[in-house]
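Undergrad: Please find one structure pasted underneath; my questions will follow.
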Amino acid sequence: GSDDFSSLRVVFDPKNFPSPKKLSVSTNLPACKESFPICRVSLGLETSREENKRRLFTRIEQMLSDGWVKEVKNLLASGLSKEAVSLQSVGYREILQFIEGEILEKDLPSRILTSHLQLVKKQKTWIRGLIKKTAASAS
């Protein structure tokens, strides 16, 4: 019934996404039923590496054409240090390298993309570890 927390099934159909796919998650939650009236469930959407790469590259090119390099130059001109944590994040770090002549303009989008993909890989590894820890602690 509606008070039965022993199993959970979620189906998400992202109609507004460019590549609609169904996300289906099924899990048994007996530990939650016995211990807690409410259980926390984390869901994530996963796309293929190629789809991630395509979406990221499109977004990077859009941000660059919208003035991302000018934004960084303005931040530096306003007195923000090149060593500021905010300028060491993905994309900003590569733009700083471009401004300093370490990266050619034609290579900038692909260098930013590479850094983004490395970050995505780290995040997925972290999430897989979190899922394993959650599964282990639930039993």
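Remember, this note's numbering sits 4 above the position in the sequence shown when you count from 1. Note that beta-carbon positions come from the ideal geometry of N, C-alpha and C, so glycine has one too. Keep in mind the model is a prediction, meaning the values are calculated, not measured.
Going along the chain, which residues of its own chain have a beta-carbon closer than 7 Å to the beta-carbon of G83, five neighbours each way excluded?
TA: There are no such residues.
Undergrad: Could you please give the first and the last residue of the uninterrupted alpha helix (DSSP H) stretch that includes E75?
TA: Segment 72-81, the alpha helix (DSSP H) holding E75.
Undergrad: Let me know if I202 comes out buried or exposed under the rule of 16 or more other beta-carbons within 10 Å of its beta-carbon.
TA: The shown model of the chain, from 5 to 143, leaves out residue 202, and the question about it has no answer.
Undergrad: From S85 to K57, what distance separates their C-alpha atoms?
TA: Each residue's alpha carbon lies about 31 Å from the other.
Undergrad: K86 lies in the alpha helix (DSSP H); which residues open and close that run?
TA: Careful: K86 lies outside any alpha helix (DSSP H) and carries neither H nor E.
Undergrad: Taking buried to mean at least 16 other C-beta atoms within 10 Å of its own C-beta, is P24 buried or exposed?
TA: Only weak support is given to the placement of P24: the predicted model assigns it a pLDDT of 40, under 50, and the value that follows is read from those uncertain coordinates. Exposed.
Undergrad: Can you round the beta-carbon distance between E98 and L112 to whole angstroms, since I take them to be within the 8 Å contact cut?
TA: Between L112 and E98 the Cβ distance is about 6 Å, and since that is below 8 Å, they are a contact.
Undergrad: Measure from the C-beta of P113 to each C-beta in chain B and report whether the shortest distance is under 9 Å.
TA: Absent from the structure: chain B. Only one protein chain is present.
Undergrad: Can you tell me which of the three DSSP states S52 falls into?
TA: In this structure, S52 counts as coil in the three-state DSSP scheme.
Undergrad: Within the region 88-118, note down every full alpha helix (DSSP H) run reaching 4 residues or more, in order along the chain.
TA: The region 88-118 contains these whole alpha helix (DSSP H) runs: 96-103.
Undergrad: Can you tell me the Cα-Cα spacing of R53 and L121, whole angstroms?
TA: Their Cα atoms are separated by approximately 9 Å.
Undergrad: For the candidate residues G71, E106, F61, Q127, whose alpha-carbon lies nearest to that of S114?
TA: The candidate whose alpha carbon is nearest that of S114 is F61.
Undergrad: Taking the Cβ atom as the reference point for each residue, do I64 and L117 lie within a distance shorter than 9 Å?
TA: Yes, they are a contact pair.
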